[in-house]
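Reviewing the structure listed below.
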Amino acid sequence: MLKTQTFSLNFGPQHPATHGVFQILLTLDGETIVKAEPICGYLHRGIEKLAEARTYTQVIPYTDRLDYLAAMLMNMGYVQAVEKLAQIEVPERAEYLRVITGELSRLTSHVLTTGVYALDIGGITGFFLCFREREKMMDLLEEISGSRMTVSYMRIGGVADDAPEGWLDKVDKFMDEMPGYIDEYDALITGNEIFQARTKHVGVLTQEQAISYSLSGPVLRSTGVNYDLRKAHPYSIYDRFDFEVPLGERGDCFDRYRCRVLEMRQSLRIIKQAIEQIKEIDGPIMAKVPKMFKPPKGEVYHEIESSKGILGYSVVSDGSNKPYRVHVRRPSFINLGYIDEMCRGWKVADVVAILGSIDIVLGEVDC
Amino acid sequence: MFGRGLLKGLQVTWKEFWTPKFTVQYPEEKHPVPARFHGRFVLDADKCIACNLCANACPNRVINIVTAKVGTKKYLTNYVMNIQYCLFCGLCVEACNKDAIHFSDDFGMTQYFYKNIPLVLVDRVAPEAPPEDAESKAPADATDKAAKKTAAAKAKGTEG
C-alpha cells in the first residue's frame, strides 16, 4: 500500500465559513481530518478587564459587543446579574419589555444563523431570504432602542425607554406573519435534498459527550437533553408563558439546525403571549436606582438562556461604584470546545458544516 | 423522488421574483429613520450648563468640555466629542438634566481626513464680562431679597 503523510492546513482566520476571525489548524491525512485544533483570540478586546474600570451602568454597552447578533440578551444577562447583586426589584412592565425585545433578539440571531448555515452549505438564496425578515425585526428593535445591532436598551432596574406608540401592535402583526416566513425556510432550506445530505449524520454528538463538555443551547438540545433555562430554572417572568422546548434525536448537524428553526416558532409564541399580557400592565419601566449606584459587597453568578446557550455573568463587588471583577460564561466559547472530536474522521468540506451548526459568534468566543 | 428539492427551491424563487422589491436608490432616496434613532449628536448650547454629567456618564471618555469663568458663572467655550471612540449607547443623552444634548437623524458622518472626525459642537470665546441683562437682574434680585428681609424682621418685631 502507498505510504501517506499527514499535513497541516490552516482553516481561517480569514475564511468566510469560520464566521469571523477564527482559525482551525487542521491535520489532514489526504482529505480526512486527523486533528482539528481551534485557535481563537484574534478578536480579543479584554471586555472583562475593561469592565473593571467602568461604573456598573457603563458596562452595559460593552456587553452588546459580545454576541452582537443577540445583543439584547447579552444586556439582559448582565443587568439581571447586577440586580441580583443589589437586590433590585424590576417593574413588571419593564420585565415584559425585556422578554419581548429579548425574544425578538433571539429571533434575529436564529434567522441569521439559518441563512448563514444555508450559505455555508452552498445555498445563497437561503441567505438572502433570511435577511429579509432579519431586517424587519431589526427595524422593530431600532424603533424601540434607537440602534439596530448594539442596542444598549436595558438598564439596571429596568429598560431605557417605554415602547413607542403602536410598536406593540406592529410586533404583534409581524409575529402573525412570521410563521409563513419560517414555512418558507423549511421549504427552501430544511427540505432541500443537498442540504440534508450534507448535514444528516454529520458531526454526531451523544448526550453523554454533550453533558460532559458542558455544551448548552440548541447544540445540547439537539442530542435530546431537555435542558432550557427558561423552563428548568425560570428567570425573569418566563414561568408565565406557555411554550415547548424543541429537542433533537440524533445530535447531528441537521438536528442542531432543526432545533433552532423550531425554537423560532416557540419564540413567536412567547412574544404573542407577552404582548397580550403587557397590554393590561401600566406602570413605570424603571425601579428606583440611585444615580451613583453602589451595590453592597459580595459576589453573584447569574445565568440566562441566550440564543447560543447558557450565558452566565459572574460579578464581584467591593462596594464601590465599579465592579471589582466581571467574568462572562460565553456559550459560543464553551460549545467550541468539542470541535476537535466532532471533526475527526470527516472531510474538509464537513468542517464548514460542523462549525456552522455550532453557531459561534467570535465577539463572544474571544470576549 | 430525485429532483423534487430542486423544484421546491425554484418554486420559492419564482414566487420571490414577483414580490415588490426593497431596493432603495441611496443617496437620492433615504430610508425614514425612527424618532429614537442614534445619529449625529446635536447640542443646544443655550441649555447647556457645562455640568460635566454627560462627560462622566460616557464609558469611553468621548466628551471633552472646556469652560471659562464669566463673573460668577461657568461659560461653555468648547464641546468636542471624539466620535471615533463613541459607542452610540445614549448614556450621555440620558444623563443630561437640561435636555441639552440629543441625537439627530443624520447618519452621514464620514470624513476624508482623520483630524476632521472629532465632532466640534461648540467652539466660542467667552465674553469678558457677564451679559448686561444678567447684571441688571442681579441688583434687582438683591433689592428684592433685602426688602423681603426687612419685611420679615418687621413681622418678627410686631410678633415679639
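Each protein sequence line maps, in turn, to chains A and B.
Using this note's numbering, the first residue of the first sequence is number 1, and each one after it goes up by one.
Using this note's numbering, the first residue of the second sequence is number 1, and each one after it goes up by one.
The beta-carbon is built from N, C-alpha and C at its ideal position, and this holds for glycine as well.
Check whether the Cβ atoms of residue i and residue j lie closer than 9 angstroms to each other.
i	j	result
Ala-55 of chain B	Cys-89 of chain B	no
Ala-287 of chain A	Gly-157 of chain A	yes
Arg-93 of chain A	Ile-281 of chain A	yes
Glu-303 of chain A	Tyr-313 of chain A	yes
Gly-283 of chain A	Pro-91 of chain A	yes
Leu-311 of chain A	Arg-330 of chain A	yes
Asp-350 of chain A	Arg-198 of chain A	yes
Ser-317 of chain A	Val-300 of chain A	yes
His-19 of chain A	Gly-356 of chain A	yes
Asn-75 of chain A	Gly-217 of chain A	no
Pro-260 of chain A	Lys-35 of chain A	Going by the sequence as given, residue 260 of chain A is Arg instead of Pro. Not a contact, by the Cβ cut-off of 9 angstroms.
Arg-155 of chain A	Lys-322 of chain A	no
Leu-141 of chain A	Thr-108 of chain A	yes
Leu-129 of chain A	Gly-146 of chain A	no
Glu-244 of chain A	Gln-266 of chain A	yes
Ile-270 of chain A	Gly-5 of chain B	no
Val-352 of chain A	Leu-26 of chain A	no
Gln-80 of chain A	Tyr-227 of chain A	no
Phe-37 of chain B	Phe-113 of chain B	no
Leu-43 of chain A	Thr-113 of chain A	no
Ser-152 of chain A	Leu-119 of chain B	no
Pro-13 of chain A	Gln-23 of chain A	yes
Val-62 of chain B	Ile-83 of chain B	yes
Leu-76 of chain B	Ile-49 of chain B	yes
Ala-391 of chain A	Tyr-96 of chain A	The structure shown does not extend to residue 391 of chain A, since chain A spans only 1 to 367, so no value can be given for it.
Ala-95 of chain B	Ala-45 of chain B	no
Val-372 of chain A	Asp-162 of chain A	The requested residue 372 of chain A is not part of the displayed model; chain A covers only 1 to 367.
Thr-63 of chain A	Tyr-78 of chain A	yes
Name the chain B residues whose beta carbon is nearer than 8 angstroms to that of residue i?
i	result
Ile-194 of chain A	Gly-5
Pro-61 of chain A	Pro-59, Leu-87, Cys-89, Leu-91
Gly-20 of chain A	Those do not exist, as Gly-20 of chain A stays about 20 angstroms from chain B at its closest Cβ, beyond 8 angstroms.
Contact check, residue i vs residue j under 8 angstroms by CB: the rounded distance?
i	j	result
Val-70 of chain B	Ala-126 of chain B	5 angstroms
Lys-8 of chain B	Ala-187 of chain A	6 angstroms
Val-315 of chain A	Leu-28 of chain A	Actually they do not touch by this definition, with Cβ atoms about 43 angstroms apart.
Val-202 of chain A	Asp-252 of chain A	6 angstroms
Gly-337 of chain A	Tyr-213 of chain A	5 angstroms
Val-225 of chain A	Gln-207 of chain A	5 angstroms
Arg-65 of chain A	Gly-363 of chain A	6 angstroms
Asp-366 of chain A	Gly-41 of chain A	6 angstroms
Glu-184 of chain A	Val-12 of chain B	6 angstroms
Leu-73 of chain A	Ser-307 of chain A	6 angstroms
Gln-196 of chain A	Phe-127 of chain A	Not quite, the Cβ-Cβ distance comes to about 18 angstroms (not below 8 angstroms), so this is no contact.
Provide the residue span of the alpha helix (DSSP H) that contains residue i, from first to last.
i	result
Met-74 of chain A	71-86
Ala-353 of chain A	348-358
Asp-366 of chain A	362-366
Phe-113 of chain B	Segment: none, Phe-113 of chain B is in no alpha helix (DSSP H) and carries neither H nor E.
Glu-16 of chain B	4-17
Listing by chain order, which chain A residues have their CB less than 9 angstroms from the CB of residue i?
i	result
Gly-108 of chain B	Those within 9 angstroms of Gly-108 of chain B in chain A number zero; the least Cβ separation is about 16 angstroms.
Phe-103 of chain B	Gly-146
Pro-34 of chain B	Asp-139, Glu-142, Glu-143, Ile-144, Gly-146, Pro-164
Below 8 angstroms on C-beta distance, what does residue i contact in chain A?
i	result
His-38 of chain B	Gly-146, Ser-147
Val-12 of chain B	Thr-125, Leu-129, Glu-184, Ala-187, Leu-188
Glu-94 of chain B	Ala-160
In the DSSP assignment, find the beta strand (DSSP E) that holds residue i and state where it starts and stops.
i	result
Gln-23 of chain A	23-29
Pro-38 of chain A	32-39
Ile-63 of chain B	63-70
Leu-9 of chain A	7-11
Val-80 of chain B	73-81
Asp-120 of chain A	Unbroken run through Asp-120 of chain A is the alpha helix (DSSP H), 92-121; no beta strand (DSSP E).
Val-120 of chain B	119-123
Phe-103 of chain B	101-103
For a contact meaning CB atoms closer than 9 angstroms, what does residue i contact in chain B?
i	result
Ala-349 of chain A	Residues of chain B passing the Cβ test: none, with the nearest at roughly 19 angstroms.
Gln-58 of chain A	Ala-57, Cys-58, Pro-59, Asn-60, Cys-89, Leu-91
Name, please, each residue of chain B whose Cβ falls closer than 7 angstroms to the Cβ of residue i.
i	result
Gly-77 of chain A	The premise fails here: Gly-77 of chain A is roughly 17 angstroms from chain B at the closest Cβ pair, so nothing lies under 7 angstroms.
Arg-54 of chain A	Pro-59
Gly-191 of chain A	Gly-5, Lys-8
Ser-105 of chain A	Per Cβ cutoff of 7 angstroms: no residues; Ser-105 of chain A is ~16 angstroms from chain B at best.
Asn-152 of chain A	Looking at the sequence provided, one finds Ser at residue 152 of chain A rather than Asn. Within chain B, the residues near Ser-152 of chain A are Cys-89, Gly-90.
Within the region 162-216 of chain A, ranges of the alpha helix (DSSP H) (whole runs, at least 4 residues)
167-185, 193-199, 207-212
I'd like the ranges of any alpha helix (DSSP H) spanning at least 4 consecutive residues and lying wholly in the region 23-60 of chain B.
53-57
Contiguous alpha helix (DSSP H) assignments of at least 4 residues, all confined to the region 258-345 of chain A
331-335, 339-343
Alpha helix (DSSP H) runs wholly inside the region 42-71 of chain A, at least 4 long, in chain order:
47-51, 60-64
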